[in-house]
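Chemist: Take a look at the following structure, please.
Number of protein chains: 2
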Amino acid sequence: MTEQKATNITRHEHNVSKEERAKLNGHKGAILWFTGLSACGKSTIANAVDHKLYLAGKHSVVLDGDNIRMGLNKNLGFSAEDRAENIRRIGEVAKLFSQNASLTLTAFISPYRADRDKVREIMGQGEFIEIHVDASVETCEQRDPKGLYKKARAGEIKNFTGISDPYEAPEKPELVLDSNRKGIEELAGEVISYLQNHGYFTA
Amino acid sequence: MTEQKATNITRHEHNVSKEERAKLNGHKGAILWFTGLSACGKSTIANAVDHKLYLAGKHSVVLDGDNIRMGLNKNLGFSAEDRAENIRRIGEVAKLFSQNASLTLTAFISPYRADRDKVREIMGQGEFIEIHVDASVETCEQRDPKGLYKKARAGEIKNFTGISDPYEAPEKPELVLDSNRKGIEELAGEVISYLQNHGYFTA
Numbered sequence: 002m003t004e005q006k007a008t009n010i011t012r013h014e015h016n017v018s019k020e021e022r023a024k025l026n027g028h029k030g031a032i033l034w035f036t037g038l039s040a041c042g043k044s045t046i047a048n049a050v051d052h053k054l055y056l057a058g059k060h061s062v063v064l065d066g067d068n069i070r071m072g073l074n075k076n077l078g079f080s081a082e083d084r085a086e087n088i089r090r091i092g093e094v095a096k097l098f099s100q101n102a103s104l105t106l107t108a109f110i111s112p113y114r115a116d117r118d119k120v121r122e123i124m125g126q127g128e129f130i131e132i133h134v135d136a137s138v139e140t141c142e143q144r145d146p147k148g149l150y151k152k153a154r155a156g157e158i159k160n161f162t163g164i165s166d167p168y169e170a171p172e173k174p175e176l177v178l179d180s181n182r183k184g185i186e187e188l189a190g191e192v193i194s195y196l197q198n199h200g201y202f203t204a
Numbered sequence: 002m003t004e005q006k007a008t009n010i011t012r013h014e015h016n017v018s019k020e021e022r023a024k025l026n027g028h029k030g031a032i033l034w035f036t037g038l039s040a041c042g043k044s045t046i047a048n049a050v051d052h053k054l055y056l057a058g059k060h061s062v063v064l065d066g067d068n069i070r071m072g073l074n075k076n077l078g079f080s081a082e083d084r085a086e087n088i089r090r091i092g093e094v095a096k097l098f099s100q101n102a103s104l105t106l107t108a109f110i111s112p113y114r115a116d117r118d119k120v121r122e123i124m125g126q127g128e129f130i131e132i133h134v135d136a137s138v139e140t141c142e143q144r145d146p147k148g149l150y151k152k153a154r155a156g157e158i159k160n161f162t163g164i165s166d167p168y169e170a171p172e173k174p175e176l177v178l179d180s181n182r183k184g185i186e187e188l189a190g191e192v193i194s195y196l197q198n199h200g201y202f203t204a
């Protein structure tokens, strides 16, 4: 499915380099890949981080399942093959933003380790920050803001991660956020601290 | 192919609005959609515009066929169906950049009017600037930097726009660049002037 089909193409060198754009922005680009169960807080934390970055004058973007699913990936469903293609496309788009020196926050369940690792592989050293938003099924099921766990338990939704489909937690994520015990603001602060402590802000 | 497959999703409101990001950047986001024959100068002009924007401290990005084909769209070929999906995905990605207040330059042959119009339809008023890089087949064939026209004439490349596949020129493009007679710098300047004269720069 992902073999190189097109021939007769050559890679263009862009006139403006990644490094030049990073200089303009005052920070490097990177993907901050939030992964975790439905309702674990991925999107909310990503948006809180995004807002803090915006207030600090940084350039960031949030890609999340709900928005991507209505646009780029609206022709994909939830089969294993479509889930893999979903994550592959998101990884490629996040790479484009990252190469453009944006701090690129992605908030997708992305339950399979192999799919996340494939995105890591297309990125350079330090450009893929895997963030496990760690909340138990019990915690998420208790929140259940969209009533999805209820529907999944009732069998109305098939292939539901954590109920009828597996979630493969990251083995060596760059960051783990304890969403069972901590609130959004505290967790968003931990992400900002990570970026500060690892040299992502250059100005 | 592009029907909405996923159910149980709702659109998230991002905390940072398009308008707030535009304020940070000092300009609105928009797609500058360059269209024209192979070797008409799309990519070169787009990169020249991008470089001028960078030097002026603006936030821009170039999406071009060669780079997109090796990443996001590497599982697409050159059939009519794949070409349509190619342009659809590029349009959605360009929309994401544009919504993030980037001046988003796309450089694709994009030969079919219907495909380009579909991108226009997902964008707001003034957010889709169609730029016809107008060079005749003769001009492009004379340049032929990659020897593609030669191969197409020899029948080694099928579905080659302008030779064995049609090119549908835009009927009401926002801008026409005369690439038969003018050079890269002059044409890039015309694009910058368009942005200036139409209020895209707010600071």
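Heads up: the sequence lines are chains A and B, in that order.
Here the first sequence is numbered in the numbering used here, starting from 2 and rising by one per residue.
Here the second sequence is numbered in the numbering used here, starting from 2 and rising by one per residue.
For each residue, glycine too, the CB sits at the ideal point set by N, CA and C.
(1) Looking only at its own chain, which residues have a Cβ that is under 7 Å from the Cβ of B/Leu54, when we skip the five neighbours before and after it?
(2) For the alpha helix (DSSP H) containing A/Ser180, name the first residue and the last one.
(3) Considering only residues of the same chain and omitting the five flanking positions on each side of B/Ile1, which have a CB-CB separation below 7 Å?
(4) Nearest to B/Pro146 by CA position, among B/Gly125, B/Ala31, B/Ser44 and B/Lys173, is which residue?
(5) Beta strand (DSSP E) containing A/Thr203: first to last residue?
(6) Count the CB pairs spanning the region 174 to 190 of chain A and the region 147 to 161 of chain A that are closer than 8 Å, and state whether there are at least three.
(7) Looking only at its chain, what residues have a beta carbon closer than 7 Å to the beta carbon of A/Ala57, apart from the 5 residues adjacent to it on each side?
(8) Give the straight-line distance between the Cα atoms of B/Thr3 and B/Asn74, rounded to the nearest whole angstrom.
(9) So who's on the other strand from B/His133, going by DSSP bridges?
(10) Quick one: residues in its chain with C-beta nearer than 7 Å to the C-beta of B/Arg154, no 5 flanking neighbours on either side, listed in chain order?
(11) Do the CB positions of B/Pro174 and B/His133 come within less than 8 Å of each other?
(12) Using CA atoms only, rank isn't needed, just tell me which of A/Asn48, A/Lys29 and A/Tyr168 is closest to A/Phe98.
(13) So with Cβ pairs under 8 Å, would you call A/His15 a contact of chain B?
(14) Contact between the region 32 to 47 of chain B and the region 117 to 130 of chain B is defined here as three or more beta-carbon pairs at a separation below 8 Å; is this criterion met?
(15) Report the CB separation of A/Tyr150 from A/Glu142 in whole angstroms; it is logged as a contact under 8 Å.
(16) Quick one: which chain B residues come within Cβ less than 9 Å of A/Asn198?
(17) What does A/Val177 reach in chain B if we use C-beta pairs closer than 7 Å?
(18) Thinking just about the alpha-carbon of each residue, which of B/Arg22, B/Ile88, B/Ala189 and B/Pro167 is nearest to the one in B/Asn101?
(19) Can you tell me which residues form a DSSP beta bridge with A/His28?
(20) For B/Asn87, which residues of its own chain have a beta-carbon under 6 Å away from its beta-carbon, when the five flanking residues on both sides are left out?
(21) Against B/Gly72, what residues of chain A qualify as contacts under a CB-to-CB distance less than 7 Å, listed in chain order?
(22) Would you give the residue range spanned by the alpha helix (DSSP H) that B/Asp116 belongs to?
(23) What do you reckon, are the CB atoms on B/Gly20 and A/Gly72 nearer than 8 Å?
(24) Find the residues of chain B that neighbour A/Val192, judging by a C-beta separation of less than 9 Å, and give them in chain order.
(25) Between the region 33 to 60 of chain A and chain B, which residues of the former have CB atoms less than 8 Å from a CB of the latter, in chain order?
(26) So the alpha helix (DSSP H) A/Val138 belongs to, where does it begin and stop?
(27) Which bits of chain B does A/Leu25 rub up against, with CB to CB less than 8 Å?
(28) May I have the straight-line CA-CA distance separating B/Thr36 from A/Val17, to the nearest angstrom?
(29) Answer with yes or no whether the minimum CB distance from A/Asn101 to chain B is below 8 Å.
(30) When DSSP labels each residue in this structure, what does B/Val192 get in the three-state scheme?
(31) Could you spell out where the alpha helix (DSSP H) holding A/Leu149 opens and where it closes?
(32) Examine chain B for any beta-carbon lying closer than 8 Å to the beta-carbon of A/Glu207, and answer yes or no.
(33) Report, in whole angstroms, the separation of the C-beta atoms of A/Gly42 and A/Ile185, which I expect to be a contact under 8 Å.
(34) Quick one, which of B/Ser39, B/Asn48, B/Arg89 and B/Asp83 has its alpha-carbon nearest B/Asp118's?
(35) Are the C-beta of A/Arg90 and some C-beta of chain B separated by less than 8 Å?
(36) What does B/Glu21 touch in chain A if you count any residue whose Cβ is under 9 Å from its own?
Modeler: Let's see:
(1) Contacts found: Ser61 and Leu104.
(2) Careful: A/Ser180 lies outside any alpha helix (DSSP H) and carries neither H nor E.
(3) It is not possible to answer for residue 1 of chain B, since the shown part of chain B is limited to 2 through 204.
(4) Of B/Gly125, B/Ala31, B/Ser44 and B/Lys173, the residue nearest in Cα terms is B/Ser44.
(5) No beta strand (DSSP E) contains A/Thr203, which DSSP labels as neither H nor E.
(6) Because the criterion of three Cβ pairs below 8 Å is not met, the region 174 to 190 of chain A and the region 147 to 161 of chain A do not touch.
(7) The beta carbon of A/Ala57 sits closer than 7 Å to none of the beta carbons in its chain outside the five residues before and after it.
(8) Residue confidence is low: B/Thr3 scores 46 on pLDDT, short of 50, so the model does not pin down where it sits. Its coordinate-derived value is still stated next. C-alpha separation (whole angstroms): 15 Å.
(9) Beta-bridge pairing links B/His133 to B/Thr36 and B/Val177.
(10) Spatial neighbours of B/Arg154 in its own chain (CB-CB distance under 7 Å, excluding positions within 5 residues in sequence) are listed in chain order as Ile164.
(11) Note that the C-beta distance between B/Pro174 and B/His133 is below 8 Å.
(12) Answer by Cα proximity: A/Lys29.
(13) Any reading at A/His15 needs caution, since the residue's pLDDT is 49, under 50, leaving its predicted position unreliable; the model's value is listed next. Chain B, which has a Cβ nearer than 8 Å to the Cβ of A/His15, makes this yes.
(14) Touching, yes.
(15) Taking the Cβ atoms as the reference, A/Tyr150 lies roughly 4 Å from A/Glu142, within the contact range of under 8 Å.
(16) Under the 9 Å cutoff, chain B gives no residues; its nearest Cβ is about 24 Å from A/Asn198.
(17) Taking the beta carbon of A/Val177 as reference, no residue of chain B falls within 7 Å; the closest one sits roughly 23 Å away.
(18) Considering only alpha carbons, the answer is B/Arg22.
(19) For A/His28, which the question treats as bridged, DSSP gives the partners A/Phe202.
(20) Cβ within range, chain order: Asn74 and Leu77.
(21) In chain order, Glu93 and Lys96 make up the part of chain A whose C-beta sits under 7 Å from the C-beta of B/Gly72.
(22) For B/Asp116, the enclosing alpha helix (DSSP H) begins and ends at Arg114 to Ile123.
(23) Note on identity: in this sequence residue 20 of chain B is Glu, with Gly being the wrong assignment. It is not a contact, given that the beta carbons lie outside the stated cut-off.
(24) Those within 9 Å of A/Val192 in chain B number zero; the least Cβ separation is about 15 Å.
(25) So the list reads Ser44, Asn48, Ala49, Asp51, His52, Tyr55, Gly58 and His60, given in the order they occur along the chain.
(26) Counting along the chain, the alpha helix (DSSP H) containing A/Val138 begins and ends at Val138 to Arg144.
(27) Chain-order list of chain B residues neighbouring A/Leu25: Tyr55, Gly58 and His60, by C-beta distance under 8 Å.
(28) Taking the straight line from one Cα to the other gives about 21 Å.
(29) It does: the Cβ of A/Asn101 has a partner Cβ on chain B nearer than 8 Å.
(30) Helix, per DSSP.
(31) For A/Leu149, the uninterrupted alpha helix (DSSP H) segment begins and ends at Leu149 to Arg154.
(32) With chain A covering only 2 through 204, there is no way to say anything about residue 207 of chain A.
(33) 7 Å between Cβ atoms; contact.
(34) The option with the nearest alpha carbon to B/Asp118 is B/Arg89.
(35) Yes, its Cβ sits closer than 8 Å to a Cβ of chain B.
(36) In chain order: Tyr55.
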